[in-house]
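Novice:
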Amino acid sequence: MAESRIDAKTKVFGLLGNPVGHSMSPFMHNIFLEQCGINGAYMAFAVEKENIGAAVRGMHALGIQGANVTIPHKEAVIPYLCGMSKAAQACGAVNTLIYTPEGYYGDNTDGAGLLAALEAKNGWKAEGQNILILGAGGAAKGVSVAMALQGAAKIGIANRTAEKAELLAKQIAELSDTRTDVISMQELQKPEVYQEYSTIVNTTSLGMAPKVDDMVPVCIDALQPHHLVVDLIYNPLETKLLRLAREQGAQTASGLGMFIYQGVLAFEKWNGVRPDTASIEEQLIQRLTR
Ligand code: ATR
1259 MAESRIDAKT
1269 KVFGLLGNPV
1279 GHSMSPFMHN
1289 IFLEQCGING
1299 AYMAFAVEKE
1309 NIGAAVRGMH
1319 ALGIQGANVT
1329 IPHKEAVIPY
1339 LCGMSKAAQA
1349 CGAVNTLIYT
1359 PEGYYGDNTD
1369 GAGLLAALEA
1379 KNGWKAEGQN
1389 ILILGAGGAA
1399 KGVSVAMALQ
1409 GAAKIGIANR
1419 TAEKAELLAK
1429 QIAELSDTRT
1439 DVISMQELQK
1449 PEVYQEYSTI
1459 VNTTSLGMAP
1469 KVDDMVPVCI
1479 DALQPHHLVV
1489 DLIYNPLETK
1499 LLRLAREQGA
1509 QTASGLGMFI
1519 YQGVLAFEKW
1529 NGVRPDTASI
1539 EEQLIQRLTR
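Heads up, the final residue of the sequence shown is numbered 1548 in our numbering, and it's a clean run with no missing numbers.
#1: Leaving out five residues before and five after residue 1524 in sequence, what residues of the same chain have Cβ atoms less than 8 Å from its Cβ?
#2: Taking CB distances under 8 Å as the criterion, tell me whether residue 1397 reaches chain C.
#3: Which residue comes first and which comes last in the alpha helix (DSSP H) that contains residue 1548?
#4: Buried or exposed: which applies to residue 1298, given that a residue is buried once 16 or more other Cβ atoms fall within 10 Å of its Cβ?
#5: For residue 1320, count the other beta carbons within 10 Å of its own beta carbon; 16 or more makes it buried, fewer makes it exposed. Which is it?
#6: Around the ligand ATR, which residues pass a check of Cβ closer than 5 Å to any of its heavy atoms?
#7: Tell me which residues share the same chain as residue 1263 and place their Cβ nearer than 8 Å to its Cβ, disregarding the 5 neighbours each side in the sequence.
#8: Tell me where the beta strand (DSSP E) around residue 1412 begins and ends.
#9: Output the distance between the C-alpha atoms of residue 1538 and residue 1289, rounded to the nearest integer angstrom.
#10: Do you know whose CA, among 1508, 1411, 1351, lies nearest residue 1480's CA?
#11: Would you call the segment 1428-1439 in contact with the segment 1462-1473, where contact means no fewer than 3 C-beta pairs closer than 8 Å?
#12: Once you ignore the five residues that flank residue 1346 on each side, which residues in its own chain have a CB closer than 7 Å to its CB?
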């Protein structure tokens, strides 16, 4: 039997969510831990909604050094924290818990993770850009808040439920100088809308496995080579939206980059070292497509 890495000094990290069975976070973080020579282990914990407070308190009592938080607990953990970063406060959601003796400090690396991924892979910065966000839920909020704080010139929001788009536009306007616009599903079919935007980001779940033929009704014919189309989904790695955009000649980015960098940023906050991103993408792709 192979010798276990786990011993009495192993630091524990974890993921709180439900379900967590398909999460790639344990696979990625355990590679990062090994790569950085840290005696640690990252586990996934499926926690029922009514148990989230007990789970956070119990983790702290056990001295668990850090955790990620995913659906459906990103807001529910907030009452059990000892403090929160500006990013987490601005989006009202937490995806990273950092151990302090007083309790867990909450942060949110989702938006910053997307920005870091787009900068690393596409040389893209939000500053001065006009960005069209598809969706107005929690993921849309995290991404648009980060983009607004990084100096986006304009953020347009297109959502099935117009009131949620209007509320998000108002929240962005309150915390930044970024101009906002709300775009109806009818307007989204009009080619001229796309002349105003350089970047289009799908934050909805449309197109995620198993419903891979779903897509927000974007006017694909209006896309040009200067457009960057981003999908937060990474399963499948190329959604229908990204495939059609690529075939139309636009640039594309899948959600895998955001997934990697939200994890990289969380890992750095827990361990004070930045894991190497050079080989992780390939390892994740192999794992996702096997
Ligand atoms: P998340 O935290 O992943 O963003 P969420 O807060 O539930 O999840 O938001 C899901 C987003 O996907 C919303 O913008 C939602 O649109 P509504 O606000 O109209 O509900 C969007 N969405 C989900 N299913 C959709 C569908 N079938 N058609 C259009 N939009 C959809």
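Quick reminder that beta carbons are idealized off the backbone N, C-alpha and C, glycines included.
Specialist: Taking the definition as stated:
#1: What you label residue 1524 is simply residue 266 of the sequence shown in a count that begins at 1. Correct list, in chain order: 1324, 1326, 1353, 1354, 1365, 1367.
#2: No chain C appears in the structure shown, which is made up of a single protein chain.
#3: To locate residue 1548, count along the sequence shown from 1; it is residue 290. No alpha helix (DSSP H) holds residue 1548; DSSP gives it neither H nor E.
#4: Looking up residue 1298 in the sequence shown gives position 40. Looking at its Cβ environment, which holds 16 or more other Cβ atoms inside 10 Å, residue 1298 is buried.
#5: Locating residue 1320 in the sequence shown gives position 62, counting from the first residue. Residue 1320 should be labelled exposed.
#6: 1393, 1394, 1395, 1396, 1397, 1417, 1418, 1419, 1422, 1462
#7: Numbered from 1 along the sequence shown, position 5 holds the residue referred to as residue 1263. 1292, 1297, 1299.
#8: The sequence position of residue 1412 within the sequence shown is 154, counting from 1. Residue 1412 -> beta strand (DSSP E) spans 1412-1416.
#9: Within the sequence shown, residue 1538 is the residue found at index 280, counting from 1. Within the sequence shown, residue 1289 is the residue found at index 31, counting from 1. Distance between the alpha carbons of residue 1538 and residue 1289: 8 Å.
#10: Within the sequence shown, residue 1480 is the residue found at index 222, counting from 1. Cα-wise, what sits closest to residue 1480 is 1508.
#11: no
#12: On the sequence shown, position 88 is the one that residue 1346 refers to. Closer than 7 Å at the Cβ level, and outside the excluded window around residue 1346, lie 1352, 1364, 1365, 1366.
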